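Student: First residue of the sequence shown? That's 3 in the numbering used here, and the numbers climb one at a time after it. A single structure is presented below for examination.
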Amino acid sequence: MNEQALRERLVDFLDGEHAHVGFERVIAAIEAGPAELRGRRPAGFSHSPWELLEHLRIAQKDILEFSRDPDWVSPAWPEGYWPGEAAPAPGAWEASVETFRNDLEAMKELVCDPERDLFEAFPWGDGQTLLREAMLLADHNAYHVGQLVDVARLSGTWPPPAGAS
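Put into structure tokens, the structure is as follows:
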């Protein structure tokens, strides 16, 4: 496989939708339900949809910025990777979804940039490469999008209504 083909496969993995449900489909299902469910932890589950969405956004931002900014400082673990509240403030859900989408696009652009070596270790960090960070992001997002599906199922918003994306 040549490097361009590898870049295309990485972008494909970042988009999801092969072996699992993608971000857009589960977000559409949650948004089709009552807004108050976004901040509710279903019985037997430790996170609300809001907490999972924010965790996805924060972790993705950290991976993206680490991959392109040698001066980036990651949030404190674990508290810096989770929101302080189970429910979003007014407008916060929409802002988080939009930021997640924008940061995912930025990571895909980074991966597609032929000036960026996928295999060269960053001069900062502990040997991480852009290839490793892209795979880490795809894996992390897939895991937590799966949790969003579980939360949506427990909240009654999954499966999505017929015709939903």
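C-beta: ideal position from N, C-alpha, C; glycine also. Keep in mind it's a predicted model, so treat the numbers as computed, not measured.
Does Ala123 come out as helix, strand or coil in the three-state DSSP assignment?
Tutor: In this structure, Ala123 counts as strand in the three-state DSSP scheme.
Student: Would you list the residues sitting across from Thr131 in a DSSP beta bridge?
Tutor: Thr131 pairs with Ala123.
Student: Determine the burial state of Asn104: buried for a count of at least 16 other Cβ atoms within 10 Å of its Cβ, exposed for fewer.
Tutor: Flag for Asn104 reads exposed.
Student: Return the chain-ordered list of same chain residues with a C-beta closer than 6 Å to the C-beta of Gly35, the five sequence neighbours on each side being excluded.
Tutor: So the qualifying residues of the chain are Thr159.
Student: Cutting at 6 Å between CB atoms, please list the residues of its own chain near Leu120, excluding the five before and the five after it.
Tutor: For Leu120, where only same-chain residues beyond five positions count, the Cβ hits under 6 Å are Leu132 and Leu133.
Student: Is the shortest distance between the beta-carbon of Ala144 and the beta-carbons of chain C less than 7 Å?
Tutor: Absent from the structure: chain C. Only one protein chain is present.
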